[in-house]
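Colleague: Numbering (numbering that gives the first Met the number 0), first residue to last: 0 to 164. Backbone N, C-alpha and C define an ideal beta-carbon position, used for all residues, glycine too. Keep in mind the model is a prediction, meaning the values are calculated, not measured. Below is the structure I would like to discuss, written out as structure tokens.
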Amino acid sequence: MRPGSEQGFSLVEVMTVVAIMALATAIAIPSYQAWYAKSKLKSALLELNSNMNVARTVAKNRNTTITVTVAITNGQARATYTTSANTSAACLADTRLCAIETQNMPTEVTAIGGTTTFQFNSLGLRVGGGTANQALQLMDRAGLTYEIQVTPAGRIRWCTTSPCP
């Protein structure tokens with residue numbers, strides 16, 4: 000404290016605090032951005048997993064085959080859910096033709112891999128693909144990959160590693 004009636008902080012003290020805050024922010028922002036991208040990718044994965052389970056249930060309830068198609072269209076990953084009478088293109092052109100509303104994934108999903116089309120029959124079983132599990136990967140710019148697997152019995156599971164253990 001300075002003698003007399005002078006109170007407050009000196010310019011050096013204020014600038015020291017500002018420099019410390021700037022340094023802390025510079026360290027925190029890249030971590031936050033990485034966390035945010037990872038969070039968006041996982042959110043897309045969980046929503047896709049949920050919608051695929053709904054598609055399987057709809058196939059059983061409507062006694063029909065539902066096709067799930069995941070593709071990147073105009074730079075955005077989308078999942079369409081259609082019956083055998085309507086194609087993915089028709090579903091994208093007129094959403095009333097979709098068995099389930101089209102899922103637009105966040106822009107953090109930059110690539111997809113593996114099997115991109117799945118079908119569920121009226122018994123809820125996966126159509127085609129043999130006896131092995133089929134896998135779909137969602138990827139972001141940093142190369143982080145999450146995976147959804149569909150068993151021949153139609154069971155759908157997700158994991159944050161690829162391939163799933």
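With DSSP as the reference, label residue 61 as helix, strand or coil.
Modeller: Three-state DSSP puts residue 61 in a helix.
Colleague: Going by C-alpha distance, which of 106, 73 and 51 is nearest residue 65?
Modeller: With distances taken between Cα atoms, residue 65 lies closest to 51.
Colleague: Is DSSP giving residue 103 helix, strand or coil here?
Modeller: In this structure, residue 103 counts as strand in the three-state DSSP scheme.
Colleague: Which residues share a DSSP beta bridge with residue 35?
Modeller: In DSSP, residue 35 forms no bridge with anything.
Colleague: Under DSSP, the beta strand (DSSP E) around residue 76 begins and ends at which residues?
Modeller: Where residue 76 is concerned, the enclosing beta strand (DSSP E) stretches over 75-82.
Colleague: For residue 156, name the three-state secondary structure that DSSP assigns.
Modeller: Strand.
Colleague: Around the C-beta of residue 55, are 16 or more other C-beta atoms found within 10 angstroms, so that it is buried, or is it exposed?
Modeller: When all chains shown are included, residue 55 counts as buried.
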